[in-house]
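Student: Numbering (full-length UniProt numbering), first residue to last: 1 to 351.
A virtual CB, placed ideally from N, CA and C, is assigned to each residue, including glycine.
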């Protein structure tokens with residue numbers, strides 16, 4: 001059987017976006033001083049993450065000398081990253097500053113490992129592999145914007161054998177609720193979802209849905225049923241703000257998927273809610289149940305999205321999302337201005 005035609009043949013444009021790679025807590029655990037190093041992979045590229053001179057740093061996970069992994073080394077005095085093989089030391093710009101075996105030799109100009117834009121936001125470390133166009137921002141998360149949200153939880157990341165695109169579509173797919181999450185998130189008696197307007201605003205796909213309140217009686221008390229307000233930052237982040245039906249309080253579920261490869265993704269999650277006395281394990285455990293219902297199904301899908309898949313009117317959200325990805329991929333071929341226009345031109349349906 002021939003391989004299905006991919007929706008996007010060239011994913012290079014994804015290098016221009018900020019992607020999450022680890023939590024600060026993971027980096028803290030990676031080294032005795034809380035500075036790392038920690039090895040991660042982004043878009044098939046092995047990286048090492050560390051904190052040097054107080055800065056979060058991302059570099060190629062390879063020493064220029066004999067290509068040993070720098071993530072197997074250690075941070076010295078909080079200032080340099082030392083290779084585990086011959087002790088070469090690298091500063092926060094990725095340049096070798098010490099070769100212990102040849103202290104009197106001039107350090108070669110090629111003795112460096114490429115460094116990338118790296119920043120911390122929301123307790124998560126973000127990396128952008130290509131900053132030459134500088135037209136993207138770290139995705140929005142509203143967990144700290146709303147004073148009604150009294151508790152914010154940065155969950156441990158989880159890995160799926162699926163593409164980041166598939167994970168995004170899974171999270172925003174209304175028509176799967178009744179079949180994958182019956183009695184958890186949805187009442188299967190309401191299998192026909194609403195088809196809602198979608199807006200492109202500032203690099204975000206936004207949409208709003210109100211499931212039927214009559215489902216509330218058939219769902220567990222901790223099910224977050226309410227009015228769903230989505231702000232999804234391209235390419236893989238989702239900020240879902242929910243006004244809960246059960247008590248009219250605010251609940252926020254944020255997720256971002258990191259494209260480790262075409263067939264694997266690392267997923268980050270933040271939960272925020274209005275009850276400061278609620279045990280963190282209550283919303284975390286509920287989300288774990290939802291993920292366990294989703295994961296085995298999504299991992300049966302091929303990673304790349306395909307042009308040969310059949311779409312229905314109820315697939316409107318994913319169809320709009322796929323269309324935007326194709327536009328971004330095509331625009332990137334024509335340079336920064338075309339890419340910026342494809343990403344940031346607003347298109348409103350709800351107006």
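Which residues in the same chain as residue 141 place their Cβ atom closer than 7 angstroms to its Cβ, once the five residues preceding and following it in sequence are excluded?
Tutor: Excluding positions up to five away in sequence, the list reads 122, 239, 254, 270.
Student: Touch check for the region 70-81 and the region 46-61: three-plus C-beta pairs under 8 angstroms?
Tutor: Because the criterion of three Cβ pairs below 8 angstroms is met, the region 70-81 and the region 46-61 touch.
Student: Quick check: the Cα distance between residue 89 and residue 80, rounded to an integer number of angstroms?
Tutor: Straight-line Cα distance between these residues: approximately 6 angstroms.
Student: So, with DSSP's three-state summary, where would you put residue 298?
Tutor: DSSP places residue 298 in helix when its eight states are reduced to three.
Student: Please state the DSSP three-state secondary structure of residue 19.
Tutor: Residue 19: strand per DSSP, three-state reduction.
Student: When DSSP builds the beta bridges, which residues end up paired with residue 125?
Tutor: DSSP lists 22, 120 as partners of residue 125.
Student: Label residue 292 either buried or exposed according to how many other C-beta atoms from any shown protein chain fall within 10 Å of its C-beta, with 16 as the threshold for buried.
Tutor: That one is exposed.
Student: Alpha carbon to alpha carbon, how far is residue 301 from residue 34?
Tutor: Spanning the two alpha carbons is a distance of roughly 38 angstroms.
Student: Whole angstroms are fine: how far does the CA of residue 274 sit from the CA of residue 154?
Tutor: Their backbone Cα atoms lie some 15 angstroms apart in a straight line.
Student: For the beta strand (DSSP E) holding residue 218, just list the boundary residues, first then last.
Tutor: First-last for residue 218: undefined, no H or E at that position.
Student: Judging by CA-CA distance, which residue of 211, 218, 216 is the nearest neighbour of residue 227?
Tutor: Closest by alpha carbon: 211.
Student: Can you find at least 3 beta carbon pairs, one from the region 25-42 and one from the region 238-252, that sit closer than 8 angstroms?
Tutor: No, because fewer than three Cβ pairs between the region 25-42 and the region 238-252 fall closer than 8 angstroms, the two stretches do not touch.
Student: Which residue or residues does DSSP assign as beta-bridge partners of residue 265?
Tutor: Note: residue 265 sits in a beta bridge opposite 160, 259.
Student: How is the beta strand (DSSP E) around residue 347 delimited, first residue to last?
Tutor: No beta strand (DSSP E) holds residue 347; DSSP gives it neither H nor E.
Student: Using CA atoms only, rank isn't needed, just tell me which of 82, 205, 152, 161 is closest to residue 113.
Tutor: Residue 82 is the option with its Cα nearest to residue 113.
Student: Mind checking which residues open and close the beta strand (DSSP E) that includes residue 50?
Tutor: Its beta strand (DSSP E) spans residues 45-52.
Student: Give the list of continuous beta strand (DSSP E) stretches no shorter than 3 residues that lie fully inside the region 52-86.
Tutor: Counting whole runs of 3 or more residues, the region 52-86 contains the beta strand (DSSP E) stretches 55-60, 74-76, 80-82.
Student: So for residue 246, helix, strand or coil by DSSP?
Tutor: Three-state result, residue 246: coil.
Student: Suppose you measure from the CA of residue 25 to the CA of residue 313; what does that come to, to the nearest Å?
Tutor: Near 42 angstroms, if we compare the C-alpha coordinates of residue 313 and residue 25.
Student: Taking only runs of the beta strand (DSSP E) that begin and end inside the region 167-191, which ones reach a length of at least 3 residues, in chain order?
Tutor: Here no run is fully enclosed.
Student: Identify, in the order they occur along the chain, each residue of the same chain with its Cβ nearer than 7 angstroms to the Cβ of residue 216, setting aside the five sequence neighbours on each side.
Tutor: Here the set comprises 225, 245, 246.
Student: Just checking my contact of residue 111 with residue 128 at CB under 8 angstroms: how many whole Å lie between their CB atoms?
Tutor: That pair is no contact at about 24 angstroms.
Student: Taking Cβ to Cβ, would you say residue 13 is nearer than 8 angstroms to residue 256?
Tutor: It is not a contact, given that the beta carbons lie outside the stated cut-off.
Student: Count the other C-beta atoms from every protein chain shown that fall within 10 angstroms of the C-beta of residue 102, then say buried if there are 16 or more, exposed otherwise.
Tutor: Exposed, because fewer than 16 other Cβ atoms sit within 10 Å of the Cβ of residue 102.
Student: Give me, in chain order, the residues of the same chain whose beta-carbon lies closer than 7 angstroms to that of residue 149; leave out the 5 immediate sequence neighbours on both sides.
Tutor: Cβ neighbours of residue 149 beyond the five flanking positions: 143, 250, 252, 272, 273, 274.
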